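>
Here you go:
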């Protein structure tokens with residue numbers, strides 16, 4: 002199975018990657034059909050248009066793979082739900098990783 006190349010981002014970086022494939026970790030606030038609201042690891046409110054309902058509950062962590070459509074919205078291609086695992090997600094470490102990966106592209110190849 003081949004994956005499309007994508008860049009890992011946080012909420013503040015969305016506008017820099019408009020129209021490009023991205024991956025972002027979000028904490029779900031609410032899901033209504035194919036519309037989802039969530040908070041990014043850097044505490045930005047993000048709206049996501051889902052391809053299908055994912056059955057996420059408030060507080061669940063998800064990885065959204067898709068394309069930003071503005072600075073606070075994403076059109077998702079794929080969503081990975083981590084809700085049943087009740088993970089203790091380290092937001093600060095994720096933000097540091099995202100910054101490193103985007104500042105050191107010659108070392109790390111996204112995808």
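Residue numbers (our numbering): 2 to 112.
All C-beta atoms, glycine included, are put in the ideal place defined by N, C-alpha and C.
Fair warning: this is a prediction, and the values are worked out from it, not measured in the lab.
Are the beta-carbon atoms belonging to residue 37 and residue 15 less than 7 Å from one another?
Counting from one through the chain shown, the residue named residue 37 turns up at place 36. Counting from one through the chain shown, the residue named residue 15 turns up at place 14. In this structure, residue 15 does not lie closer than 7 Å to residue 37 by Cβ.
> Between which residues of its own chain and residue 111 is the CB-CB distance below 8 Å, once the five residues before and five after are set aside?
Looking up residue 111 in the chain shown gives position 110. With a pLDDT of 49 at residue 111, under the threshold of 50, the predicted position of this residue should be treated as unreliable, though the coordinate-derived value follows. So the list reads 6, 7, 8, 9, 102, once near-sequence residues are dropped.
> If I follow the unbroken alpha helix (DSSP H) through residue 114, where does it start and stop?
A question about residue 114 goes unanswered here, because the residues of the chain that appear run from 2 up to 112.
> Report the rounded CA-to-CA distance for residue 19 versus residue 66, giving the unit in angstroms.
For the purposes of this step, residue 19 is identified with residue 18 of the chain shown, where counting begins at 1. For the purposes of this step, residue 66 is identified with residue 65 of the chain shown, where counting begins at 1. Their Cα atoms are separated by approximately 13 Å.
> Less than 8 Å between the CB atoms is what I'm expecting for residue 29 and residue 57, so what's the real figure, rounded?
Translated into positions along the chain shown, residue 29 becomes position 28. Translated into positions along the chain shown, residue 57 becomes position 56. Correct: roughly 4 Å between the Cβ atoms.
> Looking at residue 41: is its Cβ nearer than 7 Å to the Cβ of residue 12?
Numbered from 1 along the chain shown, position 40 holds the residue referred to as residue 41. Numbered from 1 along the chain shown, position 11 holds the residue referred to as residue 12. For residue 41 and residue 12, yes; Cβs fall inside 7 Å.
> Do residue 54 and residue 34 have their CB atoms nearer than 7 Å?
Taking the chain shown and counting its residues from 1, the one referred to as residue 54 is at position 53. Taking the chain shown and counting its residues from 1, the one referred to as residue 34 is at position 33. The answer is yes: Cβ separation under 7 Å.
> For residue 2, which residues of its own chain have a beta-carbon under 8 Å away from its beta-carbon, when the five flanking residues on both sides are left out?
In the chain shown, counting from the first residue as 1, residue 2 sits at position 1. Because the pLDDT at residue 2 is just 49, under 50, the model does not fix this residue reliably, and the value given afterwards should be weighed accordingly. No residues qualify anywhere along the chain.
> Just checking my contact of residue 64 with residue 26 at CB under 8 Å: how many whole Å lie between their CB atoms?
The residue you call residue 64 lines up with position 63 of the chain shown. The residue you call residue 26 lines up with position 25 of the chain shown. That pair is a contact at about 6 Å.
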